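Counting from 1 along the sequence shown, just add 6 to a position and that's the residue number in my numbering. Quick reminder that beta carbons are idealized off the backbone N, C-alpha and C, glycines included. On a predicted model such as this, the values are computed, not experimentally measured, just so you know.
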Amino acid sequence: MRRILEIAGCTLIDGTGRAPIPDATLRVVDGRIAAVWRNGERPADPQGPAEQVVQARGKTVIPGLIDAHCHISYGEGKTAEEVDIYGGPEWAAVRAVWNAQKVLQSGVTSFCDPGSTWNVAVTCRDAINNGMFDGPRILAAGRHISADGGFADYFPSWLGMPVSAEGVLCSTSDEMRREVRRQVKNRVDLVKISGDSQAQDTRLDAGPCFSAEELSCIVDTAHGLGRKVTIHSRYAKTVAAAARAGVDWVIHASYMDPGDIGLLLDRQVPICATMTYTANIVQHGRDVGVDPNYIEVKKRELDALVKAHRKAIEAGVPMMAGSEAGFAVTPYGQWHAREIELMVELLGMKPLDAITAGTFNNAKAFGWEQEVGSLQPGRWADLLVLDGDPMADIRVLSDRKRIAAVYKGGELVPRADSLPTRRRMGHERSLAVSSVPLNR
Ligand SMILES: [Zn+2]
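Structure (structure tokens):
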């Protein structure tokens with residue numbers, strides 16, 4: 007028995023960057039889009055009449071959002087210790103599937119998890135795909151591959167990198183090759199590299215924590231096994247080295263050298279700015295007790311990023327949208343579309359282009375463009391029905407009340423009126439007695 011649904015009379019933004027189609031209707035057969043037409047151009051319906059017709063006059067329909075950067079295992083940690091040490095794998099996995107429901111309900115029908123503690127992202131992906139829980143489609147990485155003194159190598163050397171940490175320390179090409187093979191055996195979709203060296207001075211571009219040969223080793227091994235590769239790269243030298251090594255996209259690129267834009271263009275390497283975490287610290291950090299020095303560091307980074315990315319966009323470098331949801335400053339289900347707003351507010355992108363970044367461009371980078379990311383025949387009917395026009399006001403994407411419906415695979419996603427909340431357990435928190443000194 008075929009299930010046929012029509013969503014009728016909407017303004018359709020199909021995600022490809024084409025102009026919106028007024029008075030459009032979508033036909034969905036067995037969860038996938040079968041046809042799209044304007045009023046009066048109704049095509050034949052070889053499958054017969056629809057069982058259900060949703061009237062969407064006055065509403066805008068867009069593809070379900072794709073968040074290219076959501077760490078489902080991090081549990082909204084306030085510190086590196088909370089993310090990397092506390093909780094345990096069982097707790098992190100259960101917490102992740104619970105949080106994934108919030109992500110889906112906010113209108114994100116797919117996301118990439120570029121770096122997981124344990125193998126939580128893979129487990130969460132499988133549990134959702136298996137029909138055990140509601141949640142978005144997930145492109146899942148394992149632990150970040152890091153090198154000595156690299157990003158994610160946070161703890162003192164006498165502790166090493168705990169097995170629970172988001173990063174995994176590899177010191178030689180052989181160790182890196184072996185770690186990629188091990189992660190692929192454990193069913194990751196992509197490999198995440200922690201690219202930057204951690205200099206004590208945040209103004210210093212110390213270059214990547216890997217040699218060119220090591221980066222190529224990771225990228226070539228992962229590609230040889232049919233997996234995508236992305237890299238944390240705030241600094242210019244890391245961005246350039248990553249592009250030369252052939253990564254599929256670069257994350258942040260905050261201090262990118264405009265002289266390297268041609269390199270990204272030649273190799274068609276998209277940038278996933280992931281500004282939301284940084285912007286939230288700059289804009290709201292004071293209110294939530296962020297260290298003032300860290301706020302200054304982030305302010306400097308955001309200023310640099312805006313300057314560099316405006317040039318990259320002008321030159322035509324493809325842009326992706328990712329929120330860095332999963333930390334205390336970016337809780338699940340709340341900030342995913344903020345990145346698309348920031349692309350408009352800070353980077354000067356047109357709303358339509360920002361929507362394309364958060365849908366089609368992300369799907370293309372994942373290798374999923376035949377499945378999701380646009381509302382064209384053949385794709386899964388992952389879509390949002392909006393009470394409002396995001397071309398006029400992009401903030402509609404973040405407004406839970408104005409997201410009238412979320413569909414994944416042609417099925418209406420059940421949504422609570424407000425996000426579910428929970429009590430934070432003692433075992434997932436840092437062991438702080440007080441956060442400030444008790445001066446007398
Ligand atoms: Zn991240």
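Original post:
Got a sec: does ligand 1 put a non-hydrogen atom nearer than 6 Å to the Cβ of glutamate 330?
Top reply: yes
**OP:** Quick one: which unbroken beta strand (DSSP E) runs of 3-plus residues sit fully inside the region 149–227? Chain order, please.
**Re:** 150–152, 173–175 and 196–200
**OP:** Classify serine 404 as helix, strand or coil using the three-state DSSP reduction.
**Re:** helix
Original post:
Of all the options Leu311, Lys313, Asn286 and Val312, which has the alpha carbon lying nearest to the alpha carbon of tyrosine 300?
Top reply: Asn286
Original post:
Helix, strand or coil: which one does DSSP assign to histidine 75?
Top reply: coil
Subject >> Exposed unless 16 or more other CB atoms sit within 10 angstroms - verdict on lysine 65 >> reply: buried
Subject >> For threonine 2, the three-state DSSP class (helix, strand or coil) >> reply: Given that the chain is displayed from residue 7 to residue 446, the structure contains no residue 2 and the question cannot be resolved.
**OP:** Please name the residue, chosen from Ile19, Arg33 and Asp29, that lies closest to glutamate 12 on a Cα-to-Cα basis.
**Re:** Arg33
Original post:
What runs of the beta strand (DSSP E), each 3 residues or longer, lie entirely inside the region 349–414?
Top reply: 389–392 and 409–414
**OP:** With a floor of 4 residues, list each alpha helix (DSSP H) that falls wholly inside the region 263–317, ordered by position along the chain.
**Re:** 267–273 and 282–290
Original post:
What beta strand (DSSP E) runs, 3 residues minimum, are completely inside the region 41–74?
Top reply: 58–61, 66–69 and 71–73
Original post:
If you run the structure through DSSP and keep just helix, strand and coil, what is tryptophan 124?
Top reply: coil
**OP:** Less than 8 Å between the CB atoms is what I'm expecting for arginine 428 and glutamate 88, so what's the real figure, rounded?
**Re:** The Cβ separation is near 15 Å, so there is no contact.
Original post:
aspartate 90 by DSSP, collapsed to three states: which one?
Top reply: helix
Subject >> Residue range of the alpha helix (DSSP H) that includes glutamate 96 >> reply: 95–111
**OP:** My understanding is that leucine 145 touches phenylalanine 372, with C-beta atoms under 8 Å, so please give their C-beta distance in whole angstroms.
**Re:** 5 Å
Original post:
Hey, would you say leucine 186 sits closer than 7 Å to arginine 149, going by beta carbons?
Top reply: The question names leucine, but residue 186 in the sequence shown is valine. No; because the gap between Cβ atoms is not below 7 Å, this pair is not in contact.
Original post:
Do three or more CB pairs link the region 85–103 to the region 48–58 at distances below 8 Å?
Top reply: no
Original post:
With burial defined as no fewer than 16 other Cβ atoms inside 10 Å of the residue's Cβ, what is the status of leucine 210: buried or exposed?
Top reply: exposed
**OP:** Using beta-carbon positions only, say whether alanine 410 and valine 439 come within less than 7 Å of one another.
**Re:** no
Original post:
At what residues does the alpha helix (DSSP H) containing alanine 25 begin and finish?
Top reply: Careful: alanine 25 lies outside any alpha helix (DSSP H) and carries neither H nor E.
Original post:
Across which residues does DSSP place serine 116 in a beta bridge pair?
Top reply: Ile72 and Arg143
Subject >> First and last residue of the uninterrupted alpha helix (DSSP H) at arginine 240 >> reply: Per DSSP, arginine 240 belongs to no alpha helix (DSSP H); it is in the beta strand (DSSP E), 234–241.
**OP:** Have a look at threonine 362 and leucine 165 and give me their C-alpha separation to the nearest angstrom.
**Re:** 43 Å
Original post:
Any chance the region 413–430 sits against the region 26–43, with 3 or more Cβ pairs inside 8 Å?
Top reply: yes
Subject >> Exposure label - cysteine 206; buried when at least 16 CB within 10 Å >> reply: The sequence shown places glutamine at residue 206, rather than the cysteine named in the question. Burial call: exposed.
Original post:
Which partner residues does alanine 334 have in the DSSP bridge list?
Top reply: According to DSSP, which records beta bridges pairwise, alanine 334 is partnered with nothing at all.
Original post:
How long is the line joining the alpha carbons of valine 447 and glycine 15, rounded to whole angstroms?
Top reply: Not covered by the structure: residue 447. The range shown for the chain is 7 to 446.
Subject >> Sufficient close CB pairs (3 or more, under 8 Å) joining the region 67–84 to the region 118–131 >> reply: yes
**OP:** Apply the 10 Å Cβ neighbour rule to glutamine 447 and answer buried if 16 or more other Cβ atoms are within range, or exposed otherwise.
**Re:** Past the edges of the chain, shown from 7 to 446, lies residue 447, and the structure says nothing about it.
Original post:
What residues match up with tryptophan 255 in a beta bridge as DSSP calls it?
Top reply: Thr236
**OP:** Tell me, please, which residues DSSP counts as bridged to threonine 427.
**Re:** Partner(s): none; threonine 427 has no beta bridge.
Subject >> Beta carbon of methionine 326 nearer than 7 Å to that of proline 396 >> reply: no
Original post:
Who are the Cβ neighbours of lysine 84 in its own chain at under 6 Å, not counting the five residues just before and after it?
Top reply: Ala334
Original post:
On the three-state DSSP scale, how would you describe valine 245?
Top reply: helix
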